[in-house]
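Visitor: Following this message is one structure expressed as structure tokens.
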Amino acid sequence: MHSSIASFQWLLYIFTVISSLQVSAVRFKIPRLSPTRGTILQNPEILSATISEDFQTFYYNQTLDHFNYRPESYSTFQQRYVINFKYWGGGAGADAIAPIFVYLGAEEALDGDISVIGFLTDNAARFNALLVYIEHRYYGKSIPFGSREEALKNASTLGYFNSAQAITDYAAILLYIKEKYNARHSPVIVVGGSYGGMLATWFRLKYPHVALGALASSAPILYFDDITPQNGYYSIVTRDFREASETCYETIMKSWAEIEKVASKLDGLSILSKKFRTCK
Ligand SMILES: *[C@@H]1O[C@H](CO)[C@@H](O)[C@H](O)[C@H]1NC(C)=O
Ligand SMILES: *[C@@H]1O[C@H](CO)[C@@H](O)[C@H](O)[C@H]1NC(C)=O
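Here it is as structure tokens:
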């Protein structure tokens with residue numbers, strides 16, 4: 001039940017964000033969709049402290065532009081990735097082939113994610129998996145052009161800030177890691193949430209030779225431009241509550257008409273506000 005509510009709140013947040021499409025990033029106006037965010041991201045000191053000693057940080061010399069051959073395309077920037085070797089049962093000298101689970105960073109610094117994305121660590125022991133977390137370009141410590149100010153300066157520098165470049169970054173790093181840790185035959189499973197889930201999906205479609213599978217959580221892949229019915233969110237949430245408790249489902253279902261009735265009164269909204277202790 002608790003996890004149902006947690007995931008409900010998570011979904012609600014994501015879709016609130018999607019419907020408003022106006023969320024300010026910490027210092028720069030960078031759109032955000034992902035479940036994890038907060039003031040923790042403002043302070044780089046706190047950031048690094050959230051990564052435990054199981055996680056080792058690396059930097060990859062990433063190509064700025066994967067899609068053309070102009071001279072400046074070959075310039076590189078340092079892209080951060082983090083590996084947890086604690087459960088790894090593959091690589092050189094290992095008898096078995098073990099998988100690599102990869103968290104694809106989304107629209108924020110990686111640090112906040114690593115402390116809250118339990119799915120990889122929860123499943124790593126059972127599969128003797130190598131865990132890899134890769135930061136999305138233009139976030140955290142994976143900033144091209146030397147600084148955030150430069151990177152976000154104008155169209156010339158912002159032009160490299162897109163999801164097609166991002167998933168290609170991931171492919172390059174994963175191929176490099178497989179080579180480096182003698183894991184060429186290890187199946188790769190990419191994982192992401194929200195925008196990161198869309199990246200995971202697109203990654204699997206675009207680079208099927210790199211990832212054997214993708215897990216996309218709360219990813220609104222087809223939830224745009226009326227491709228799918230727009231009540232999809234509500235029907236899933238309804239099912240979620242219903243699975244936990246039929247009574248709970250019925251009670252909530254009956255409540256809407258009641259809430260509408262109160263809300264339509266003159267001071268109805270303030271009554272509801274008090275009753276539900278809503279914020280401003
Ligand atoms: C990345 O590039 C820097 C500067 O060109 C170089 O010193 C470093 O060895 C490179 N790192 C890797 C892992 O290739
Ligand atoms: C962005 O800024 C750089 C350096 O100031 C300049 O050379 C470039 O022409 C600018 N690009 C655009 C699209 O304004």
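Positions 1 to 280 (UniProt numbering) are the ones given, in order, by the sequence shown.
We put the beta carbon where it would ideally sit given N, CA and C, even for glycine.
Computed from a predicted structure; not experimentally measured.
#1: Ignoring anything shorter than 4 residues or poking outside the segment 177–214, list the alpha helix (DSSP H) runs there in chain order.
#2: Which residues bound the alpha helix (DSSP H) around I252?
#3: Three-state secondary structure (DSSP) at N123?
#4: Might you give, ordered along the chain, the residues of its own chain that have their beta carbon closer than 7 Å to the beta carbon of V81, omitting 5 neighbours on each side?
#5: Please state whether DSSP places S217 in a helix, a strand or coil.
#6: Which class does Q42 belong to by DSSP, given the choice of helix, strand or coil?
#7: Where Y195 and L222 are concerned, what is the direct C-alpha to C-alpha distance, given to the nearest angstrom?
#8: Assuming contact is defined by CB atoms lying nearer than 8 Å, are F77 and I177 in contact in what I supplied?
#9: Secondary structure at A49, three-state DSSP: helix, strand or coil?
#10: With respect to 7 Å, is the separation between the Cβ of N123 and the closest non-hydrogen atom of ligand 1 below this value?
#11: May I ask you to verify whether the segment 206–226 touches the segment 241–251, counting CB pairs closer than 8 Å and requiring at least 3?
#12: Give the single residue among N231, K206, L130 and A98 whose Cα lies nearest to the Cα of S163.
#13: If I follow the unbroken beta strand (DSSP E) through T63, where does it start and stop?
Guide: Quick answer:
#1: 195–206
#2: E246 to A263
#3: helix
#4: Here residue 81 turns out to be Tyr, not Val, going by the sequence shown. Excluding sequence neighbours, Y81 sits near F58, Y60, V132, Y133, I134, E135 and I173.
#5: strand
#6: Bear in mind that the predicted position of Q42 carries a pLDDT of just 44, short of 50, making it too unreliable to give a figure here.
#7: 12 Å
#8: no
#9: Because A49 sits at a pLDDT of 49, beneath the cut-off of 50, its placement in the model cannot be relied upon, and the point is left open.
#10: no
#11: no
#12: K206
#13: F55 to T63
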